[in-house]
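Quick note, the sequences are listed as chains D and F, same order. Residue numbers for the first sequence follow the working numbering, beginning at 50 and rising by one. Residue numbers for the second sequence follow the working numbering, beginning at 50 and rising by one. Shown next, in C-alpha cells, is the structure this report addresses.
There are 2 protein chains.
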Amino acid sequence: MAPHPFTILSIEETRIARDVVLSLHPDSVVDFREIFLKEPNKELMKQYLEFEHTAQPGQSAQSKRPPRLAKCQYDIIGADKIPEYHESIIDVETRKREKHEVIGKQFHASLTLWEFDHLVKACDESEEFQNILKEFKLPDGFELVIEPWPYGGLDFGAENRRYFQGLCFAQNMKSGNPDSNFYAYPLPIIPVMDAHTRKICRVDRLATGGKGDGLTGKTHSERILDHCEQAEYVPELLSGGTRTDMKPINISQPEGTSFKVTDSSLVEWQKWSFRVSFNPREGAVLHDVRYEGRSIIYRLSLSEMSVPYADARAPFHRKQAFDFGDGGAGNCANNLTLGCDCLGVIKYFDAVIVGSDGEPKKHPNVVCLHEQDNGIGWKHTNWRTGRAVVTRQRELVVQFIITLANYEYVFAYKLDTAGGITLEVRATGIVSVVNIDFGKTSDYGNVVSGGVLAQNHQHIFAARVDPAIDGHNNTVIYEESHTAPWDKETNPNGNFYEIRKTVVNRSEGLDAAPQHNRTFKIINPNKKNKHSGNPVGYKFQPPPTQKLLASPGSLQAQRALFAQHHVWVTKYEEDELYAAGRYTLQSQLEVGGVHDMVKRKDEVTNEDLVVWSVFGLTHNPRVEDWPVMPSEIFQVHFKPSDFFERNPAIDVPSTKNEASVLTNECCSTSQKL
Amino acid sequence: MAPHPFTILSIEETRIARDVVLSLHPDSVVDFREIFLKEPNKELMKQYLEFEHTAQPGQSAQSKRPPRLAKCQYDIIGADKIPEYHESIIDVETRKREKHEVIGKQFHASLTLWEFDHLVKACDESEEFQNILKEFKLPDGFELVIEPWPYGGLDFGAENRRYFQGLCFAQNMKSGNPDSNFYAYPLPIIPVMDAHTRKICRVDRLATGGKGDGLTGKTHSERILDHCEQAEYVPELLSGGTRTDMKPINISQPEGTSFKVTDSSLVEWQKWSFRVSFNPREGAVLHDVRYEGRSIIYRLSLSEMSVPYADARAPFHRKQAFDFGDGGAGNCANNLTLGCDCLGVIKYFDAVIVGSDGEPKKHPNVVCLHEQDNGIGWKHTNWRTGRAVVTRQRELVVQFIITLANYEYVFAYKLDTAGGITLEVRATGIVSVVNIDFGKTSDYGNVVSGGVLAQNHQHIFAARVDPAIDGHNNTVIYEESHTAPWDKETNPNGNFYEIRKTVVNRSEGLDAAPQHNRTFKIINPNKKNKHSGNPVGYKFQPPPTQKLLASPGSLQAQRALFAQHHVWVTKYEEDELYAAGRYTLQSQLEVGGVHDMVKRKDEVTNEDLVVWSVFGLTHNPRVEDWPVMPSEIFQVHFKPSDFFERNPAIDVPSTKNEASVLTNECCSTSQKL
C-alpha cells in the first residue's frame with residue numbers, strides 16, 4: 050500500500066527523487082541541499098480527507114490519492130561559475146519532474162551544515178586570518194574554535210554575494226576534553242568567507258570596550274583571554290561536581306500507553322487523531338488534527354523565528370539568525386535520547402536527511418511522543434456531602450529539539466483531554482557572548498563571567514495555524530471586554546462590562562491587547578453551538594510579548610516584518626508556509642512573508658484562512674543564564690470555545706492513582722510530621 | 050522543646066487560648082470564629098532568624114524565641130443585643146491577654162460556615178420564602194437546595210446590618226444521589242437573611258430575560274425548570290459513563306524523596322529551605338525562604354481575591370466574593386486525597402480548626418508537598434562532538450485547594466532547581482449560573498446548557514511577597530526595553546535598544562507593560578553580583594491580565610481598590626497582610642488595603658518593603674466550562690536576576706532516567722512505526 054499523503058518520503062522515495070534530478074542534469078555537478086515531501090495540493094487533500102473520514106469499511110482512499118511529490122533543492126555547479134540554485138518538484142511514482150525553478154540571484158538558498166565546514170577550512174587556509182590570530186597570546190593549552198554563523202542581513206548597498214561569518218573562541222584543551230566550554234573565551238575577531246570562492250575575504254575586528262568607550266573601543270590586548278574564567282557544564286569538568294541528593298522520579302505506564310501510532314504517521318489518543326510529519330525546515334508538523342472525527346486544524350507548524358542582537362557596534366547588527374529559514378529547524382534537530390529528553394514510555398519518530406550527494410539516510414529519533422500528567426484537570430467538591438470528584442489533566446506531547454550553534458530550542462505540541470492544543474517553546478543552551486575588557490560593563494548586554502559580555506537580544510517566534518474548524522470555511526473574530534458606561538437604564542450599579550466583537554474581514558496584522566482581554570476566536574460561521582447559539586470555534590489569547598525593537602527601516606526590522614504584529618490573518622494560498630518568506634538567508638527585506646500576504650487584502654470571512662501567532666522574548670541576559678541557561682518557557686493555548694456541547698474532559702475517570710504513596714511509606718529518608 | 054515561632058498552634062495551644070478567652074468573659078456567651086497563630090513581630094523574628102542561621106552547634110535559639118501568641122476572633126452574645134465582635138491576642142505560655150479590641154460596627158467579621166447553616170434553617174422557617182417557592186412547580190422528584198453566599202457589598206445608603214443571601218437551585222433526587230448536579234436547575238429567587246435575627250427579611254426576585262428584555266424582564270413561569278437539562282459530573286450519574294481507554298501514569302521515587310521535613314514545619318530540598326504554616330484566612334504560607342542559607346523571601350502568601358459578576362440586573366451587582374477576607378481560604382481548604390489531588394510520593398500537612406465553642410480539632414491533609422518533573426531544565430549539545438548534556442527541571446510543590454460553594458481554586462507554590470519560585474493558581478469547579486428563559490441569549494453571560502446562563506465575571510487575585518533579598522533592606526526597580534533612536538554616533542544600524550531603569554522611590558501602585566518588556570526587580574542595593582556588578586535581586590514580570598472592569602466609584606470597584614494596579618510596593622508595617630484590608634465582608638469601600646497603604650507615600654528604597662502582585666482572569670464562560678470547568682492556569686514567576694554567580698541548576702546531574710522505556714518495550718497495545 051502506498052504511504053499516506055502526509056507521511057514523509059521514505060529513503061527509497063527520496064533516492065528516486067535524487068536519481069530523477071541527476072538524470073535531468075546529466076552534464077552538471079549537482080550539489081544537493083534538501084529533498085523532502087512536497088505536501089499535496091490542499092484542494093486535492095480536502096477531497097482525499099473527506100473521502101478517508103467518511104469511507105465505508107472496505108472502501109479504499111487509494112484512488113483519491115494525490116501524486117506523491119518530492120521537493121528537491123540543489124545547486125548546479127559549473128566551472129568558475131557562481132553555482133546556480135534550483136528547485137524541482139519530482140513525482141516519485143511517475144519519476145517525472147512536475148516543476149522546475151532556477152532561483153534568481155536576489156535570493157540565497159538556505160545554508161547547509163557542510164557550508165559551515167567550508168568556513169572552518171577557509172580560516173585554516175587564510176594567511177590573513179592566521180596572521181591576525183597571532184596578535185593574540187592564547188593561554189597554554191588553548192586552541193582556536195570557529196563557530197560558523199549565517200552572515201545575517203547583507204548591509205544596504207553591499208555587493209550581493211554569499212557569505213559566512215565565524216565567531217571565534219578559544220578552548221581549554223588541557224583536560225583533553227573536547228566538550229570544555231569554549232564560549233567562556235571569546236576572541237574579538239570575525240572572519241568572513243565568500244562562499245563562492247571558499248576564501249576568507251575579510252576579518253572584522255570587534256570592539257571590546259564598555260560604557261563610554263563608544264562604538265569602536267577596542268583593546269585588543271594580546272592577553273585578551275586572561276581575565277576570562279572557566280565555565281564548564283559537562284559533568285566531568287564541573288567544579289564541585291554534580292549534586293548527589295536528587296533522587297530519581299520514575300514515570301511508568303504498566304498497562305501501556307493510551308495512544309497508538311499506526312500507518313507510520315497516524316496518532317490516535319483520547320478521541321484525538323492527527324498525522325505527524327517532519328521536514329528539514331519546520332521540523333515536526335501536525336496535520337489533519339481532529340477530535341472525535343471533527344476537524345479542528347488542517348496543518349499546525351512552527352514557521353519561523355528571528356533572533357536579532359542589539360549591540361550597536363558593527364558588525365553585531367548582522368547577528369540576526371532566522372533559524373527556520375536560514376538553516377532549517379529540521380536539519381538541526383537533535384537525535385533524542387530515552388530517559389533524558391523525555392521521561393516515561395516514549396515513541397520516537399525518525400526522519401530522512403540527505404547529504405550533498407543527495408544520498409538519503411535515516412535521521413533517527415528526531416521527534417518524541419509521550420503522555421504526561423499535568424496536574425488537576427478539573428475538580429469539584431460538594432461541600433454538603435463532602436464528595437470530591439477530581440480528575441487529572443492528561444497531555445499528549447509531540448516534541449522536537451534543535452541546536453543552533455550555542456542555543457537550543459525545545460518545541461512541543463501538546464494536546465490535552467480538555468480539547469486544548471498548546472504550543473510550547475523552551476529556549477535553553479548557551480547565550481551568545483563577546484569579549485569585554487576587564488572590569489567594564491556595557492549598555493549592550495550583561496557581564497555574566499570574567500571578560501564575557503552576553504549581548505541583549507530578542508527571540509521572535511512565528512507559529513502557523515491552518516485551521517479547519519468543522520470544515521475549511523472559517524472566520525476570525527476578536528472579542529474584548531470593556532467597562533460599560535454607568536447608566537440608569539442599562540448599568541445602574543456600574544458592575545456591567547460589555548463584550549465587543551470585531552470580525553476580521555480582510556487579511557491583516559493585529560496585536561495583543563491584554564488590557565482589554567482581547568481574545569481571538571477562529572469560528573465556523575456556518576455551524577452553531579446548540580446551547581449558546583454561538584458559532585463553534587477555538588480561541589486563543591496571543592501572548593502580549595514585546596515586538597521587534599530594532600528601528601523601523603533598519604536591516605533587522607526590514608528582514609523580519611512578520612515581527613510587527615502578534616497575529617496575522619491571511620487567506621490560504623498554496624505554498625505560503627513561511628512567516629518571513631521562503632528565502633531569509635542574507636535577506637535585506639522580508640519578501641513573500643506575512644507582511645506581503647496581507648497586502649492582498651483578501652476577504653477572509655467564511656474562507657479558507659491561515660492564522661499566524663507571533664510571540665517572543667526580549668532577552669537581556671542575567672548571570673544565571675550562564676554557562677547554560679535554564680529553560681525560558683512560552684506557551685500559546687488554543688482552547689475550544691463553544692465547539693463542544695460540554696467540557697470534553699467531563700468523562701475522564703476520577704480513578705485514584707494506586708501508585709501514589711505517603712512519604713513515610715516510601716522510604717526511610719523522609720521524615721514524618 | 051517549644052515549637053518554632055512559625056509553626057502553627059497545636060491543638061493544646063489553641064485550647065489554652067480558648068480557655069483564656071472564656072475566663073476573661075465569664076458572664077457572657079462567647080461564640081468563637083477563629084483561633085490561630087498570631088505570627089511574631091517581625092523585628093523580634095529578624096533577631097531570632099539571624100541567631101538561628103548563624104548559631105554554632107550546641108547553641109540554642111530558644112532564648113531568643115518571641116512570645117507564642119494566639120489570635121482569637123469571637124462574638125460576645127448578649128440577650129437581645131446585636132453580638133459584639135472581639136479580637137484578642139493571647140500569650141499561650143503566660144496565659145495572658147496581650148491585646149484586646151472590640152471591632153466597631155462599621156466592620157463585619159469574616160463569616161463562619163455555621164452562619165451558612167443558619168440561612169438554610171431560616172429559609173425552612175420563613176413563611177414568605179416558602180410561599181414564594183410554591184409559585185414554582187418543581188419537576189417530580191426535585192428538591193430545593195439553598196447555596197448560601199456572602200451578601201456582597203452593602204448597597205450605598207442601605208442600613209448596616211449583617212446579611213446572608215441564598216442562591217436557590219433544585220436537585221434531581223430521583224436517583225437518590227445527593228451529588229446530582231443541582232446547579233443545572235437554577236431558581237430565580239434569592240432569600241436574604243438578617244444574621245442577627247436569623248430570619249429571612251426579604252426575598253429578591255431575579256430577572257430571567259434575555260437580550261432586549263431590559264433589567265427586570267422576568268418570566269417566572271411556574272415551570273421554570275422545564276427547559277433545564279441534566280448536567281452530571283459524578284461518574285456514576287454521567288450519561289455515557291467515563292472513558293475506559295486512559296491508562297494509568299504512575300510516578301514513583303524508589304530511592305525516596307529528595308526533600309525532608311523536620312521540626313514540624315521545616316522543609317529542606319535541593320539547597321532550598323523554608324517553613325510552611327497554615328491559617329484560616331490565607332491557607333498555606335511560606336516563611337523564611339532561603340537558598341544555600343541566603344535569604345530570599347521572609348513571607349510569601351496569597352492575600353486576597355475578588356470575584357465580581359458583571360450582570361447589570363440587581364441584585365447581581367452584589368455577587369462579589371472576597372474569598373480570603375469574607376470566608377477564609379484556609380477554612381475552605383479541602384482535605385486532600387492521595388492519588389487524586391497529587392501523584393507520586395506525598396507529604397501532607399494538617400492544620401487545626403475550631404468550632405463555635407472554640408474547641409480545636411485537626412483539619413487533616415490541608416497541604417500537600419511533593420516533587421515533580423517539569424521537563425527539560427537546561428540542555429546543550431556540542432554539535433562538533435555530538436555530546437548532549439540534558440538535565441531535567443525539578444520542582445517542589447506546596448499545594449492547597451479550596452472549595453467556595455460552586456468554585457474551586459488550586460493554589461501552589463513551586464520552588465525549582467533553577468532558583469525560581471512560581472505562584473500557580475488553577476481555577477476550576479462549577480461556574481455560577483442563573484436561570485434564563487427558553488431560547489434566549491444574554492449580554493450578561495453565555496447560555497451553557499438549557500435554561501442556564503453562566504454570568505460573565507472576573508477573578509482578581511493578590512499575592513503578597515515580603516522579600517528579604519540577602520537581608521531586609523531592599524529596593525524595587527523596574528526595567529523596560531525601548532527602541533533607541535537611529536543615530537550615527539550611538540545607533541548607526543538601528544539595531545540597538547536601550548534598557549531604562551526606574552527606581553520605585555515611594556510606595557505606589559504600578560502596572561504591567563508587556564509592550565515595553567517591563568520587568569520588576571527586587572534588589573538588595575547593598576550587595577553586588579561579582580560578575581555583572583549589578584545589585585543582587587529577583588525579578589518578575591507581572592502577568593498583564595485585565596484589571597477590574599466595574600466602573601470607578603461603583604460598589605464593586607470601591608470594595609476592591611487593590612485591583613486597580615498589577616503591582617503595589619509598600620513599606621513593611623506590622624499586621625498589613627491583606628490586600629483588600631482586614632474586613633471585606635459587606636464592605637462598601639476597601640479600608641486598610643494596599644490602596645490605603647500606598648497613601649502614606651513611605652520611602653521604600655533600601656527599606657523593609659512588601660511587593661503585591663495582582664493578576665486575574667476575565668471569565669466570559671464558554672460551553673466547555675460546563676458542568677465543571679477545565680482548570681484555567683495562572684502563574685507568576687520569580688526568578689533570580691544576578692542573585693547567583695551562575696545558573697544554580699548547573700550542577701543538576703544529567704543522569705539518564707533508567708525507568709523510561711520505548712513504547713514497543715512496554716506493552717502490546719502500542720504499535721511500532
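We treat Cβ as the ideally placed atom computed from N, Cα and C, and that holds for glycine.
- Query: Residues in its own chain within less than 6 Å of valine 334/D by CB, not counting five upstream and five downstream?
  - Reply: Ser326, Ser350
- Residues near proline 240/D in its chain [Cβ-Cβ closer than 6 Å; skip 5 each side]: Cys172, Phe178, Gly215, Ile249, Val252
- Task: Kindly give me the distance between the Cβ atoms of valine 585/D and aspartate 691/D, rounded to whole angstroms, as I take these residues to be in contact under 8 Å.
- Result: Indeed they touch by this definition, with Cβ atoms about 6 Å apart.
- Query: Can you list the residues of chain D that cysteine 277/F reaches, using a CB-CB cut of under 9 Å?
  - Reply: Going along chain D, no residue has its Cβ under 9 Å from cysteine 277/F, so there is no contact; the nearest lies around 11 Å.
- Query: When Cβ atoms are compared, which residues of the segment 581-604 of chain F fall closer than 7 Å to chain D?
  - Reply: The segment 581-604 of chain F vs chain D, Cβ under 7 Å: Ser581, Gly582, Pro593, Thr594, Gln595, Leu598, Ala599, Ser600, Gly602, Ser603, Leu604.
- Item | Opposing strand residues paired with serine 498/D [DSSP bridges] | Val501/D
- Item | Span of the beta strand (DSSP E), counted from its first residue to its last, around tyrosine 212/F | 212-221
- What span of residues does the alpha helix (DSSP H) with alanine 606/D cover, start to end? 604-608
- Message: Threshold first: 4 residues or longer. Then list the alpha helix (DSSP H) segments lying entirely within the segment 518-548 of chain D, N to C.
- Response: Taking only runs of at least 4 residues, no alpha helix (DSSP H) segment lies wholly in the segment 518-548 of chain D.
- Message: I believe isoleucine 509/F touches valine 663/F by the beta-carbon criterion, under 8 Å. Please report the beta-carbon distance rounded to the nearest angstrom.
- Response: 6 Å
- Message: Strictly below 9 Å CB to CB, what residues from chain D border proline 329/F?
- Response: Neighbourhood of proline 329/F in chain D, by CB distance below 9 Å: empty, with the nearest CB roughly 16 Å away.
- Message: With a threshold of 8 Å, are at least 3 pairs of Cβ atoms found where one atom belongs to the segment 408-419 of chain D and the other to the segment 379-394 of chain D?
- Response: yes
- Could you give the residue range of the beta strand (DSSP E) that holds glutamate 639/D? Premise fails: glutamate 639/D is in no beta strand (DSSP E) and is neither H nor E.
- Message: If you reduce the DSSP assignment to three classes, tell me which class tryptophan 321/F lands in.
- Response: strand
- Message: In chain order, what are the residue ranges of uninterrupted alpha helix (DSSP H) at least 4 long that sit wholly in the segment 604-686 of chain F?
- Response: DSSP assignment within the segment 604-686 of chain F yields the following whole alpha helix (DSSP H) runs of 4 residues or more, N-terminal first: 604-608, 643-646.
- Interface residues of the segment 428-454 of chain F facing chain D [CB-CB below 8 Å]: Lys428, His429, Thr430, Asn431, Trp432, Arg433, Thr434, Arg436, Ala437, Val438, Val439, Arg441, Gln442, Arg443, Ile450, Thr452, Ala454
- Task: Could I get the ranges of all uninterrupted beta strand (DSSP E) runs contained in the segment 113-158 of chain F, with 3 residues as the minimum, in chain order?
- Result: 118-126, 133-140, 145-151
- Nearest to glutamine 369/F by alpha carbon, out of Thr311/F, Ile451/F, Asn505/F? Asn505/F
- Message: Contact criterion: CB-CB distance below 8 Å. Does tryptophan 617/F meet it with respect to chain D?
- Response: no
- Item | Buried versus exposed, by CB contacts within 10 Å (16 or more), aspartate 674/F | So aspartate 674/F counts as buried.
- Output yes or no for whether 8 Å exceeds the beta carbon distance between valine 401/F and proline 413/F. The answer is no: Cβ separation not under 8 Å.
- Task: Determine, using beta carbons only, whether serine 717/D comes closer than 8 Å to chain F.
- Result: Below a pLDDT of 50, predicted positions are generally treated as unreliable, and serine 717/D, at 46, falls in that range; no measurement from the model is reported.
- Count the other C-beta atoms from every protein chain shown that fall within 10 angstroms of the C-beta of glutamate 142/F, then say buried if there are 16 or more, exposed otherwise. Exposed.
- Message: Excluding the 5 residues flanking arginine 144/F on each side, which residues of the same chain have their C-beta closer than 7 Å to its C-beta?
- Response: Ile65, Val69
- Item | Within 7 Å of chain D by C-beta, residues of the segment 127-141 of chain F in sequence order | none
- Should glycine 263/D go down as buried or exposed, given a rule of 16 or more other Cβ atoms within 10 Å for buried? exposed
- Proximal residues to proline 235/F (C-beta, below 6 Å), its chain only, five neighbours per side dropped: Phe218, Val482, Val483, Asn484
- Item | Range covered by the alpha helix (DSSP H) that runs through asparagine 180/F | 176-182
- Task: Could you spell out where the beta strand (DSSP E) holding arginine 555/F opens and where it closes?
- Result: Unbroken run through arginine 555/F: none, as it is neither H nor E.
- Item | Presumed contact (8 Å Cβ cut-off) between glutamate 623/D and lysine 91/D, rounded CB distance | Indeed, because the Cβ distance is near 7 Å, the residues count as touching under 8 Å.
- Any idea what DSSP makes of histidine 167/F, helix, strand or coil? helix
- Query: Which whole-angstrom value describes the C-beta separation of glycine 374/F and proline 329/F, a residue pair presumed to lie in contact below a C-beta threshold of 8 Å?
  - Reply: In fact, because the Cβ distance is near 11 Å, the residues do not count as touching under 8 Å.
- Helix, strand or coil at phenylalanine 185/F according to DSSP, with G and I counted as helix: coil
- Item | Own chain residues within Cβ distance below 6 Å of valine 765/F, not counting five before or after | Not covered by the structure: residue 765/F. The range shown for chain F is 50 to 722.
- Which bits of chain D does methionine 678/F rub up against, with CB to CB less than 8 Å? Trp427, Asn696
- Is it right to say tryptophan 321/D is buried, meaning 16 or more other beta carbons lie within 10 angstroms of its own, or is it exposed? Label assigned to tryptophan 321/D: buried.
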